[in-house]
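I have placed the structure first, in the form of structure tokens, so that the comments after it can refer back to it.
In my numbering, the protein residues as written are 272 to 370.
Rendered as structure tokens:
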């Protein structure tokens, strides 16, 4: 499902104009991005947590040049679904295409 499909579905279910739904969805994503860039985690009860994870400094290999490179410590965004969300997906209708 794409962002456009999500916006269309929310609009049809709520009766709110697509333009207003799009602005709201964009604002939601912007708030999450800005919070995570600032180092804050975002918790949505019943859905999941958007968390910033720290990756430690490590040594890696560049196999094409056969040299060692050092990857500095850095932060990456991550999503951890809520237990209730995971259970609903596990017991839900499995009509999704297998890849």
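Built from N, CA and C at the ideal position, the CB exists for glycine as well.
Ordered along the chain, which non-local residues of its own chain (more than five positions away) have a Cβ less than 8 Å from that of residue 236?
Given a span of 272 to 370 for the chain in the structure shown, any question on residue 236 remains unanswerable.
On the criterion of 16 or more Cβ atoms from any shown chain inside 10 Å, does residue 292 qualify as buried, or is it exposed?
Counting from one through the chain shown, the residue named residue 292 turns up at place 21. Buried, since its Cβ has 16 or more Cβ neighbours within 10 Å.
Identify whether residue 312 lies in helix, strand or coil by the three-state DSSP scheme.
Position 41 of the chain shown, counting from 1, holds the residue named residue 312. Three-state DSSP puts residue 312 in coil, outside helix and strand.
Range of the contiguous beta strand (DSSP E) that encloses residue 321:
As a first step, residue 321 is located in the chain shown; it is residue number 50 there, counting from the start. Counting along the chain, the beta strand (DSSP E) containing residue 321 begins and ends at 319-326.
What's the call for residue 334, buried or exposed, on a 16-neighbour Cβ count within 10 Å?
For this step, residue 334 is matched to residue 63 along the chain shown. Label assigned to residue 334: exposed.
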